[in-house]
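Since the structure comes first, as structure tokens, the remarks are kept for the end.
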Amino acid sequence: MAGKPKTAAAKKKQPAAAETSVSIEEQTLAFLKSGGEIEQINSGVSGQQSMAGPKHITLGNTPKTN
Numbered sequence: 001m002a003g004k005p006k007t008a009a010a011k012k013k014q015p016a017a018a019e020t021s022v023s024i025e026e027q028t029l030a031f032l033k034s035g036g037e038i039e040q041i042n043s044g045v046s047g048q049q050s051m052a053g054p055k056h057i058t059l060g061n062t063p064k065t066n
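Counting in full-length UniProt numbering, the sequence shown runs from 1 upward without gaps.
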């Protein structure tokens, strides 16, 4: 007795790039009209702060000194 073939659920189609660009432009204009300002950030600068400290890796066996 063969079972029904299993199929994956259909994925939503991504919006066209033009729709997305228009949406971003509309949101930007609304932001500027409400008094918002756009700040220019230099290339290579990250807005995320690092949560991890420096990583120190020691390889090999080093003699312990007391």
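Glycine included, C-beta positions come from ideal geometry on N, C-alpha and C.
* Asked: Under a three-way DSSP split, which group does residue 37 fall into?
  -> In the three-state reduction of the DSSP assignment, residue 37 falls in the coil class.
* Using three-state DSSP, classify residue 21 as helix, strand or coil. => Three-state DSSP puts residue 21 in a helix.
* As assigned by DSSP and simplified to three states, the class of residue 28 -> If DSSP states are grouped into helix, strand and coil, residue 28 belongs with the helices.
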